[in-house]
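Encoded as C-alpha cells, the structure appears first; notes follow it.
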Amino acid sequence: MRKEVPPWSIRGKVRFGQLYSGELDLAKGIAGSWEWTFKKLPQVIMDTVNGYRPEFIEYLKDVHINTFHVTFSNGFGIEAEKAQRECLRPFLKKCHQYNIKVIAYLDSVNIFWTSFFPDHPQAKDWLQLDKDGNPIHYGWLKPVPWRYRACLNNPNWINYQKQVIKLAIDMGFDGIYLDNAYLNRTACYCSCCRDKFKKYCREKLAKECDLPTEPNWSDPIWQSFIEFRYETLKEGLIEFRRYIKSANPELVFMFNALGPPTTMFPATDQTMRAIDTYALAKIADILYFELGFTFPRLENGRLISNIESLKYGISAGNGKNIAEKGYMPGRIPLTPGQVKLAVAEALSFSCTFNVYNFSCQEAQPMLEKAKIRKALAKYYGFSEKNENYYIGTEMIADVAVLFSRPTQDWYCNDREEHDYPERRGFDQALIDLHIPFDIIQDEAISQDSLSKYKALILPNVACISQEQIEQIERFVKRSGGLIATSETSLYDENYKKRENFGLARVFGVGCKEERFTPKKSEYGKGKVLFYAQNIGRDYWLKQKSGDLKSIKEALEWVIEGGASLITTAPKTTFINLLKQRERILVHLVNYNRDEKSERMIPVKNIKIQVKVPVRVRNVFLISPDFEAKQNLEHEIMHKEQDQYVKFIIPYLETYNLVIIKLL
Ligand SMILES: [Zn+2]
Numbered sequence: 009m010r011k012e013v014p015p016w017s018i019r020g021k022v023r024f025g026q027l028y029s030g031e032l033d034l035a036k037g038i039a040g041s042w043e044w045t046f047k048k049l050p051q052v053i054m055d056t057v058n059g060y061r062p063e064f065i066e067y068l069k070d071v072h073i074n075t076f077h078v079t080f081s082n083g084f085g086i087e088a089e090k091a092q093r094e095c096l097r098p099f100l101k102k103c104h105q106y107n108i109k110v111i112a113y114l115d116s117v118n119i120f121w122t123s124f125f126p127d128h129p130q131a132k133d134w135l136q137l138d139k140d141g142n143p144i145h146y147g148w149l150k151p152v153p154w155r156y157r158a159c160l161n162n163p164n165w166i167n168y169q170k171q172v173i174k175l176a177i178d179m180g181f182d183g184i185y186l187d188n189a190y191l192n193r194t195a196c197y198c199s200c201c202r203d204k205f206k207k208y209c210r211e212k213l214a215k216e217c218d219l220p221t222e223p224n225w226s227d228p229i230w231q232s233f234i235e236f237r238y239e240t241l242k243e244g245l246i247e248f249r250r251y252i253k254s255a256n257p258e259l260v261f262m263f264n265a266l267g268p269p270t271t272m273f274p275a276t277d278q279t280m281r282a283i284d285t286y287a288l289a290k291i292a293d294i295l296y297f298e299l300g301f302t303f304p305r306l307e308n309g310r311l312i313s314n315i316e317s318l319k320y321g322i323s324a325g326n327g328k329n330i331a332e333k334g335y336m337p338g339r340i341p342l343t344p345g346q347v348k349l350a351v352a353e354a355l356s357f358s359c360t361f362n363v364y365n366f367s368c369q370e371a372q373p374m375l376e377k378a379k380i381r382k383a384l385a386k387y388y389g390f391s392e393k394n395e396n397y398y399i400g401t402e403m404i405a406d407v408a409v410l411f412s413r414p415t416q417d418w419y420c421n422d423r424e425e426h427d428y429p430e431r432r433g434f435d436q437a438l439i440d441l442h443i444p445f446d447i448i449q450d451e452a453i454s455q456d457s458l459s460k461y462k463a464l465i466l467p468n469v470a471c472i473s474q475e476q477i478e479q480i481e482r483f484v485k486r487s488g489g490l491i492a493t494s495e496t497s498l499y500d501e502n503y504k505k506r507e508n509f510g511l512a513r514v515f516g517v518g519c520k521e522e523r524f525t526p527k528k529s530e531y532g533k534g535k536v537l538f539y540a541q542n543i544g545r546d547y548w549l550k551q552k553s554g555d556l557k558s559i560k561e562a563l564e565w566v567i568e569g570g571a572s573l574i575t576t577a578p579k580t581t582f583i584n585l586l587k588q589r590e591r592i593l594v595h596l597v598n599y600n601r602d603e604k605s606e607r608m609i610p611v612k613n614i615k616i617q618v619k620v621p622v623r624v625r626n627v628f629l630i631s632p633d634f635e636a637k638q639n640l641e642h643e644i645m646h647k648e649q650d651q652y653v654k655f656i657i658p659y660l661e662t663y664n665l666v667i668i669k670l671l
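When we follow my numbering, the leftmost residue of the sequence shown carries the number 9, and every step to the right adds one.
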C-alpha cells in the first residue's frame, strides 16, 4: 500500500497489545508518582517485576495479538537499565518464534536523575529549564521530584537516545516507540533553545528575539515562538526516524503525541504542547493515540467515542494505521464488553485497539483475566480471519469538515475556547445524522483535494489564507456545497483581521450587513448556507434536537443528490462506510449497553441504503458476535442519477460487518 511503511504495519494487519512491566516499570511507578495505581500486595509487586515471563506470550498467542509493545527504557540510564534488557532478551526470542512483532518502548525525554546522573554526569546540561533556569520536572498534576525532562533541542540528549535506540535495534526489536513525544506546556529556556529561537527569528522575522514568556496571540513573535515549538518537536522526531530507518527501513517508528485535537486535550494543550497531529502523522509508521476520556460509551444517552479522532488520524496519516490506547476515565481495568466495543470501534476504521496492560495497576493485567481473553480472542480472531476485508480500505465521505490550525492556535486560544466547540459540534451532528464525512486540515484545502467531496463545512474557521479562499470559491463555483458559520474567513492565517469576510461573495452576505440566519444562497453551481451564530457550539454544549434538525436541513440543501448512506439506525449506532476494489464495506458498531450489567441492548431491523457506483453481485453480513455468515436480501433503487442498494440488518449486538460485492 504505502511504500514508506513496513508492509506488516499497514491498516488491517496489526492487532496491538502492550505490557508495562519489569523492574523498570516498578521503579517508574514509584519514582514517577504512579504508585497510587498499585495494588499494595506482595504478589502484585512480584508479578509486576516478572511480567515478561514466557507464559504471558501464550496469552498473546491465545488472543491473536501479533504486535506487542514492551518497556525497554524509561530514562534511568544505560547501565541501570541493563537487567531489564537482559530480561527482555528471551521474551523477544519467544515472541519471534510465535511470529509476534515486538516494539521497544523508550521515553522521548525522561531522566530519572537519581540513577541517570551518576551514570551520565554530563546529563545535568541536557535538561529543560524554566525561565528562571530551574530544571523542569515531569508531572501532569504536580512536579515529580525524581523525574526531569530532557530537551529535544539539545544535540547531546538526541545522541544519548540514539545510543539507547541502537541497543534495541541490535537486540532485534521490530520497532521503536517513543512515549511523551510532545513538549512541556511551559517553554524550555535552556541555552540550546534560546540560541535556536534567535536563529529561527533571524530567518523568519529578520531580527533576533528572546523566547517570550507571556501569550499574545496576535503578536508575530509569540506566533513565531509557537511555530518554532511545532518545528522543534517535528525536527527531533524526524531525526529519530532517520536514524532508525537508516539502520533498517523495515523497523516501525511510532510515538505517543497524545492524539488529534478531538481527545481529552483541549486546544490550548495542543498548541502549547506543539501537537500538530497532521504534521506528525507524516513522521510515524503507525499513529498512536492515547485516548482516555473518550473511551467508547454512552453517557446520559450521548455517544462518547473516538470516531472523530480516528477520522482525523486517517486523513492526517493519509490512510496509515492507527493504534489507539484507550482506558476508561479513572483507569478502571476494562470489562469484556468494553474490550469488544473498543476493538469494534477501531476495526470499523480497519485500525487497531491497543490492549493496554500495566502489571502494577489496580488488579491484574487485563490479559490475565480469562473473560477478557475470551472476548479479545473472539474479536481479534475475527479480524485475523477476515483480514482481507480490512486491508487496502478507503473511507467513503460526502462531506469534509475543515479543522483549521491557525483558528485553533490564534483565535480559539485568544478566546479561551478550549476545545474549538464549533467544530466539535458539527462532527457530533454528522455522526448523529449518519452522514459519512472526513476531517481535513488546512493543507488539504491548499492542495485542491476538495473535488472528491460534495460539501465542505467551515465551522467558524476564523483564520484562513487568501489562497484557501480562492480554492474554496473554485470548489463552490463547480457545484460544491458549503456550510459556514460565525466569523469564518474574517481573519487571515496570521490572525490579522480583514475588513470583511474573505468569503463574503460566496456567503452572499458581508460581516457588517444585517444577517438573517441561516442565509441560503447560490454561488456558481454550488449551494451555500451561512449561519451568523455558532450553531455547532450550541449543539455541542446543549445537544438540542432543534439545532440538529437545522444542521440536517442545511446538509440536505447543500449536498447535491443526497448522501451516500441513508439509514434508520439510532444515534447510538455508528455506521462507517469504507471501500475496496469491487466491495463496499458497511461497519456497524452498537454503543448501547448497560455499563453496570454489561448487557448489550441490541438493535433490530436497521434499514440501510448505500449508494453504489455499479451493479451489485450480493450482500452478506459477518460478525464476531455470531458464527455463520448471513446473506442479506437486497433491492436496487434509483434516485435521479444515483443508484442505491437497500437491505435490512436483522440484528446488531456489538459489531457487524456487511460486505456489498460489486459486479
Ligand atoms: Zn531547551
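We treat Cβ as the ideally placed atom computed from N, Cα and C, and that holds for glycine.
query: What residue from I667, L342, K215, I543 has the CA that sits closest to N362's CA?
result: L342
- prompt: Just the Cα atoms here: how many angstroms apart are C198 and R431?
  reply: 37 Å
query: What's the C-alpha gap between L288 and I330?
result: 13 Å
task: Report buried or exposed for E603, applying the criterion of at least 16 other Cβ atoms within 10 angstroms of its Cβ.
output: exposed
field: Per-residue DSSP class, three states only, for K333
entry: strand
message: My assumption, with CB atoms under 8 Å, is that R601 sits in contact with G345. Please give the rounded CB distance.
response: 6 Å
query: If you draw a straight line from the C-alpha of Y659 to the C-alpha of I616, how long is it?
result: 13 Å
message: Just to confirm my understanding: we take S356, look at its own chain, exclude 5 residues before and 5 after, and list those with CB closer than 6 Å. What are they?
response: N584, H595, V597
Length at least 4, wholly inside the region 377-423: the alpha helix (DSSP H) runs in chain order: 378-393
- request: Take K560 as the anchor and find which of N468, Q436, A275 has the nearest alpha-carbon.
  value: Q436
Under the three-state DSSP convention, the category A463 falls into: strand
field: Straight-line gap, E451 to K377 (C-alpha atoms, nearest Å)
entry: 45 Å
query: First and last residue of the alpha helix (DSSP H) that includes P228?
result: 228-255
Sufficient close CB pairs (3 or more, under 8 Å) joining the region 379-386 to the region 65-83: yes
message: When you measure from the CB of Q136 to every non-hydrogen atom of ligand 1, does any distance come out below 6 Å?
response: yes
- prompt: If you draw a straight line from the alpha carbon of D446 to that of R237, how long is it in whole angstroms?
  reply: 27 Å
- prompt: Under 7 Å, do L466 and A492 count as touching if we go by C-beta distance?
  reply: yes
Inter-residue spacing [alpha-carbon to alpha-carbon] between Q455 and F390: 38 Å
- prompt: Taking all protein chains shown into account, do 16 or more other C-beta atoms lie within 10 angstroms of the C-beta of A562, making it buried, or fewer, making it exposed?
  reply: buried
- request: Would you kindly report the start and end of the unbroken beta strand (DSSP E) that includes I86?
  value: Counting along the chain, I86 falls outside any beta strand (DSSP E), and DSSP gives it neither H nor E.
field: One or two residues paired with Q638 in a DSSP bridge
entry: L629
- prompt: Hey, would you say the C-beta of N161 is under 6 Å away from at least one heavy atom of ligand 1?
  reply: yes
Burial state of N224, where buried means 16 or more other Cβ atoms lie within 10 Å: exposed
- prompt: Which whole-angstrom value describes the C-beta separation of N626 and K669, a residue pair presumed to lie in contact below a C-beta threshold of 8 Å?
  reply: 5 Å
query: Do K462 and D406 have their C-beta atoms closer together than 7 Å?
result: yes
task: Specify the secondary structure class of P426 as computed by DSSP and reduced to three states.
output: The sequence shown places His at residue 426, not Pro. DSSP places H426 in coil when its eight states are reduced to three.
field: Continuous alpha helix (DSSP H) stretch holding H77: start and end
entry: Run containing H77: none in the alpha helix (DSSP H); it sits in the beta strand (DSSP E), 75-81.
query: Does the beta-carbon distance from W418 to Y286 come in below 7 Å?
result: no
message: Nearest by alpha-carbon distance to L586: which of S358, C209, H104, Y113 is it?
response: S358
task: For P579, I'd like the list of residues in its chain whose CB is within less than 7 Å of its CB, leaving aside the five on either flank, ordered along the chain.
output: The question names Pro, but residue 579 is Lys in the sequence shown. So the list reads L311, D440, once near-sequence residues are dropped.
Distance, T581 Cα to M9 Cα: Here the model assigns M9 a pLDDT of 39, short of 50, so the residue's position is not dependable, and the following value carries that caveat. Distance between the alpha carbons of M9 and T581 is about 30 Å.
message: Can you list, in chain order, the residues of its chain with a C-beta nearer than 8 Å to that of P62? Leave out the 5 residues immediately preceding and following it.
response: P98, F99, K102
- prompt: Pairing CB atoms from the region 467-482 with CB atoms from the region 395-404, are three or more of them under 8 Å?
  reply: no
message: Could you pull the DSSP bridge partners for R157 from this structure?
response: N118
message: Quick check: what's the CA-CA separation for E211 versus K204?
response: 11 Å
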